[in-house]
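Enquirer: Each step along the sequence shown adds one to the number in the working numbering, with nothing skipped, and position 20 is 285.
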Amino acid sequence: MRLTPYYASLIMPGAVNDPVLLQCVPTGEMIDNVGEEIPPVAADHSPARLIDQFYPRVATIKVTNMCGMYCTHCLRIAHIGKKDRIYSKKAYQEALDYIRSNPGIRDVLITGGDAFVLPNDLLRWILQELDQIEHVRLKRMGSRIPVTTPQRIDSELLDILEKSNDQKPLRVVTQINTAQEITFVSRETFRQISKRVSAVLNQAVLLRGINDTRTKMWKLCETIQEACVRPYYVFNCSYRNPQFSHLRVPVAVGQDIIESMYGNVSGDAIPRSIATAGGKIPLHRSNVQGRAGNDLVLKKPWSGEEVKYPDASEKDHSSGDFSFKRYIKCSR
Ligand SMILES: *Cc1c(COP(=O)(O)O)cnc(C)c1O
Ligand code: SF4
Numbered sequence: 266m267r268l269t270p271y272y273a274s275l276i277m278p279g280a281v282n283d284p285v286l287l288q289c290v291p292t293g294e295m296i297d298n299v300g301e302e303i304p305p306v307a308a309d310h311s312p313a314r315l316i317d318q319f320y321p322r323v324a325t326i327k328v329t330n331m332c333g334m335y336c337t338h339c340l341r342i343a344h345i346g347k348k349d350r351i352y353s354k355k356a357y358q359e360a361l362d363y364i365r366s367n368p369g370i371r372d373v374l375i376t377g378g379d380a381f382v383l384p385n386d387l388l389r390w391i392l393q394e395l396d397q398i399e400h401v402r403l404k405r406m407g408s409r410i411p412v413t414t415p416q417r418i419d420s421e422l423l424d425i426l427e428k429s430n431d432q433k434p435l436r437v438v439t440q441i442n443t444a445q446e447i448t449f450v451s452r453e454t455f456r457q458i459s460k461r462v463s464a465v466l467n468q469a470v471l472l473r474g475i476n477d478t479r480t481k482m483w484k485l486c487e488t489i490q491e492a493c494v495r496p497y498y499v500f501n502c503s504y505r506n507p508q509f510s511h512l513r514v515p516v517a518v519g520q521d522i523i524e525s526m527y528g529n530v531s532g533d534a535i536p537r538s539i540a541t542a543g544g545k546i547p548l549h550r551s552n553v554q555g556r557a558g559n560d561l562v563l564k565k566p567w568s569g570e571e572v573k574y575p576d577a578s579e580k581d582h583s584s585g586d587f588s589f590k591r592y593i594k595c596s597r
């Protein structure tokens, strides 16, 4: 468990299954459910040190495995929070060399862990190196720091982002899962970032008790839109690590929530609903080919390949007694 004093201050005292508390404080379920993690498919696509490349034209550099906080639902939970790592300049140099020697790579995603954990000097250097590579046309940085430790976004970092964005478009991709994570402080931070980069995008995770109703998701998407952050993806919580299976939400519930937004919410506040199963598969009804027991059969739009995707159980999802509610009997 890791959380900052600021993030802890977002927890509502007395709320048993508070949506911020659920994201940062592990419950006994994480021990009860402990089991073998199925490694993400992207992990099989590491052509160089620190690089994951699943798509031919997009490469990711995992610049650290540290984050401002550790999320109970983290897809990379097996790699995050064990031993904190920032790497040597040589390791970053190797990653940059790979990108330099592969002219097919157009978009580079600087991620982790959390990109903004790195010191400003290192971030400036990595961005400058990328901006000098002719075939790299755009960059992205993945960070939840504006939500968990907004104080870290200092004016020097904002200047670095703006300078790099002036060279080639830079987007910042964050993760906000509930409107409660937008405060006066984080809203102001996102406004500042949005003035300096080409876009600030949100990748939320659909999480039980956190954002799994129409009202909560509408409120999340509209609140972040007002903070200059555009909803980009909503991920179905992964089945690959049983530790957070109690936070999963059935695909059909997510489809209902997203469909309810059309005609009601501004179009640019409606995220794309995605399952990660060897690439990102959009969860449109036409992509769900059928059901085999608890598995859904999903179609990859780019290849037509069908993959089995274990769904969350409707029965577990509709029972209200989970996480802190399971252990603390309380009337609120
Ligand atoms: C998510 C992801 C990307 C970026 O995908 P977009 O759909 O462009 O946002 C790139 N590489 C890997 C390995 C990813 O998991
Ligand atoms: S910020 Fe992202 S990488 Fe870090 S713990 Fe949370 S989900 Fe995992």
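Backbone N, C-alpha and C fix where the C-beta goes; we use that ideal spot for every residue, glycine too.
How big is the Cα-Cα spacing for ARG495 and MET334?
Expert: Cα-Cα distance, rounded: 22 Å.
Enquirer: DSSP state of LYS590, grouped into three classes?
Expert: Here LYS590 sits in helix by DSSP.
Enquirer: What residue does the beta strand (DSSP E) around ASN467 start on, and which one ends it?
Expert: Where ASN467 is concerned, the enclosing beta strand (DSSP E) stretches over 464 to 471.
Enquirer: How many whole angstroms separate the CB atoms of ILE326 and ILE375, which I take to be in contact at a CB cut-off of 8 Å?
Expert: Contact flag correct, Cβ pair sits at about 5 Å.
Enquirer: If we ignore side chains and look at the alpha-carbon of each, how far apart do ARG350 and ASN330 end up?
Expert: Straight-line Cα distance between these residues: approximately 6 Å.
Enquirer: As an exercise, report each continuous alpha helix (DSSP H) stretch of at least 4 residues that is fully enclosed by the region 511 to 586, in chain order.
Expert: Entirely contained in the region 511 to 586, the alpha helix (DSSP H) runs reaching 4 residues are, in chain order, 516 to 526 and 579 to 583.
Enquirer: Only counting the same chain, and skipping five residues up and downstream in sequence, which positions put a Cβ closer than 8 Å to that of GLN457?
Expert: ILE418 and LEU423, listed in sequence order.
Enquirer: Should TYR527 go down as buried or exposed, given a rule of 16 or more other Cβ atoms within 10 Å for buried?
Expert: Per the 10 Å Cβ criterion, exposed.
Enquirer: If you reduce the DSSP assignment to three classes, tell me which class ALA324 lands in.
Expert: Strand, per DSSP.
Enquirer: Look up ILE316 in the DSSP assignment and say whether it is helix, strand or coil.
Expert: Note: ILE316 maps to strand in three-state DSSP.
Enquirer: Would you list, in sequence order, the uninterrupted alpha helix (DSSP H) runs of no fewer than 4 residues that lie entirely inside the region 335 to 379?
Expert: Runs of the alpha helix (DSSP H) inside the region 335 to 379: 354 to 365.
Enquirer: What residue range does the alpha helix (DSSP H) around ARG505 cover?
Expert: Where ARG505 is concerned, there is no enclosing alpha helix (DSSP H), given that its DSSP letter is neither H nor E.
Enquirer: At a cut-off of 8 Å, is LEU340 close to ligand 2 when judged by its beta-carbon and the heavy atoms of the ligand?
Expert: Answer for LEU340: yes, Cβ within range of ligand 2.
Enquirer: Apart from the five residues on each side of it in sequence, which residues of its chain come closer than 6 Å, Cβ to Cβ, to VAL437?
Expert: The residues are MET406, ILE458, VAL462 and VAL465.
Enquirer: Would you check if the region 438 to 449 and the region 284 to 296 touch, i.e. whether three or more CB-CB distances between them fall below 8 Å?
Expert: Because the criterion of three Cβ pairs below 8 Å is met, the region 284 to 296 and the region 438 to 449 touch.
Enquirer: Taking contact to mean 3 or more Cβ pairs, one atom from each stretch, closer than 8 Å, check whether the region 345 to 361 and the region 288 to 301 are in contact.
Expert: Result no; under three Cβ-Cβ pairs closer than 8 Å.
Enquirer: Considering only heavy atoms of ligand 1, does any lie closer than 8 Å to the CB of TYR574?
Expert: TYR574 Cβ: outside cutoff for every heavy atom of ligand 1.
Enquirer: Rounded C-beta distance between VAL470 and LYS433? I'm assuming under 8 Å.
Expert: About 29 Å; that fails the 8 Å criterion.
Enquirer: Can you grab the Cα-Cα spacing for the pair THR478 / LEU268, in whole Å?
Expert: If I take the Cα positions, the gap works out to 26 Å.
Enquirer: Report the partner residues of PRO496 according to the DSSP bridge assignment.
Expert: DSSP, once it has assigned bridges, lists ASN467 as partnering PRO496.
Enquirer: With a Cβ-Cβ cutoff of 9 Å, do PHE587 and GLU294 count as a contact?
Expert: Their beta carbons are under 9 Å apart, which means PHE587 touches GLU294 by this criterion.
Enquirer: So for LYS481, helix, strand or coil by DSSP?
Expert: In this structure, LYS481 counts as helix in the three-state DSSP scheme.
Enquirer: What three-state label does DSSP hand SER436 in the structure shown?
Expert: A small correction: the amino acid at residue 436 is Arg; Ser does not occupy that position in the sequence shown. In this structure, ARG436 counts as strand in the three-state DSSP scheme.
Enquirer: Taking only heavy atoms of ligand 1 into account, decide whether any of them is closer than 8 Å to the Cβ of LYS433.
Expert: Every heavy atom of ligand 1 is 8 Å or more from the Cβ of LYS433, so no.
Enquirer: Looking at TYR335 and ligand 2, is the gap between the Cβ and the nearest heavy atom below 8 Å?
Expert: Within the cutoff, so yes.
Enquirer: Report the CB separation of LEU548 from GLY519 in whole angstroms; it is logged as a contact under 8 Å.
Expert: Their Cβ separation, rounded to whole angstroms, is 6 Å, which keeps LEU548 and GLY519 in contact under 8 Å.
Enquirer: Quick one: which unbroken alpha helix (DSSP H) runs of 4-plus residues sit fully inside the region 274 to 310? Chain order, please.
Expert: DSSP runs (the alpha helix (DSSP H)) wholly in the region 274 to 310: 284 to 289 and 294 to 297.
Enquirer: If you draw a straight line from the C-alpha of THR292 to the C-alpha of ALA343, how long is it?
Expert: Each residue's alpha carbon lies about 17 Å from the other.
Enquirer: Compute the minimum distance between the beta carbon of GLN508 and the heavy atoms of ligand 2, and state whether it is under 8 Å.
Expert: No, ligand 2 has no heavy atom inside 8 Å of this Cβ.
Enquirer: What does the alpha-carbon distance come out to for the pair SER538 and SER366?
Expert: Taking the straight line from one Cα to the other gives about 34 Å.
Enquirer: Look up THR454 in the DSSP assignment and say whether it is helix, strand or coil.
Expert: Looking at THR454 - three-state DSSP - the assignment turns out to be helix.
Enquirer: DSSP state of THR413, grouped into three classes?
Expert: Correct three-state label for THR413: helix.
Enquirer: Any idea if GLN397 is buried or exposed, counting beta-carbon neighbours within 10 angstroms, 16 or more meaning buried?
Expert: That one is exposed.
Enquirer: Pick from LEU512, SER503, ASP581 and ASP379: whose alpha carbon is nearest that of GLY543?
Expert: For GLY543, the nearest C-alpha among the options comes from SER503.
Enquirer: Check each candidate in SER510, THR541, ILE364 and PRO536 and name the one with the smallest Cα separation from ASP581.
Expert: Taking only the C-alpha atoms, the option nearest ASP581 is SER510.
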